[in-house]
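In the working numbering, the protein residues as written are -11 to 227.
Scroll down for the structure; my scribbles are underneath it.
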Amino acid sequence: MNETKVETFSSISRRDFLTATSSAALLLAAGSFASKAHAAAAPHVLPPLPYAENALEPVISANTLSFHYGKHHKGYVDNLNKLVAGTELAELSLEKIIMLTAGKADKAAIFNNAAQIWNHTFYWNSLRTSGGGEPPAALKQKIEAAFGSVDALKKALATAAASQFGSGWAWLVLENNTLKVVKTGNAEVPFTSGAKPLLTIDVWEHAYYLDYQNRRADYVTAVLDKLINWSFAAENLGK
Ligand code: MN
């Protein structure tokens, strides 16, 4: 099931069909290609949530998910489309935009919105109904090699999440063939510095405040115990 989700996201972000942008191409694109021609005007789309808005209850309420996905995630998509329209970045994939704008002060707004689209799609897939439990064998072996045990990894993720000052993300990544836990601030993503993301937990206040108020640690512990999608991490490990 998750393979389909990841593939959908990846194909949306590549948008190879958007290379045909001349007016002649757009005219030829009438009929069955009309939706693609329309997509060229607003190339980035909000990927569908991989589950219903109430699927993560009671750990994350439908109310939180409704705002988080429908307002925050959608807002980043709408902002990015406005920011890149008519620029040299307009036809590029999300990943390319992130790589090209990372660390550039004059492109901070574009980077922040693009990276937040990517981060949120990755976060939704990092969670699942009835998650938690035991990771698949190959991943578990790598976790034990790097952290000693699954519980020790969960503690490391909880510590990273709790110690991220202000908004940001806690991540399980693969770097130099070793699993590591890292945290990033605001919209920052690990892959701009060469680490491959496997899982993430959103620790922006909008991710938990309606359900947990200031108790970030309670939200993170509940996510790790009941929602974390080890299968998604295992799939990313295998790529
Ligand atoms: Mn968020």
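Just so you know, even glycine gets a beta-carbon here, dropped at the ideal spot from N, CA and C.
Secondary structure note for residue 167: its beta strand (DSSP E) is the uninterrupted segment 166 to 173. Taken through DSSP and simplified to helix, strand or coil, residue 98 comes out as helix. If you ignore the 5 residues before and after residue 137, its C-beta comes within less than 8 Å of the C-beta of 131, all in its own chain and listed in chain order.
Between residue 97 and residue 86, the CB-CB gap reaches or exceeds 8 Å. Every residue whose beta carbon comes nearer than 6 Å to a heavy atom of the ligand MN appears here in chain order: 56, 60, 108, 190, 192, 194, 195. A distance below 8 Å separates the beta carbons of residue 169 and residue 144. Residue state for residue 193 is assigned as helix, using DSSP reduced to three classes.
Contact annotation: residue 188 and residue 157 have beta-carbon atoms nearer than 8 Å. Contact between the region 173 to 183 and the region 30 to 38 is not established, with fewer than three Cβ pairs separated by less than 8 Å. Distance check between residue 43 and each of 113, 94, 173 places 113 closest, using alpha-carbon atoms only. Between residue 216 and the set 194, 162, 148, 118, the nearest pair of CA atoms involves 118. Apart from the 5 residues on each side of it in sequence, residue 214 sits with its Cβ closer than 7 Å to the Cβ of 47, 119, 120 in its chain, given in chain order. The secondary-structure analysis by DSSP pairs residue 157 across a beta bridge with 172, 190. When only Cα atoms are considered, residue 82 and residue 106 end up about 7 Å apart. By the 16-neighbour rule on beta-carbons within 10 angstroms, residue 89 is buried. Setting aside the 5 residues that flank it on each side, residue 199 is surrounded in the same chain by 49, 52, each with a C-beta closer than 6 Å to its C-beta; the list follows chain order. For residue 184, the beta-bridge partners assigned by DSSP are 162.
Taking residue 128 as the centre and dropping the five residues before and after it, the same chain places the C-beta of 122, 138 closer than 7 Å to its C-beta, in chain order.
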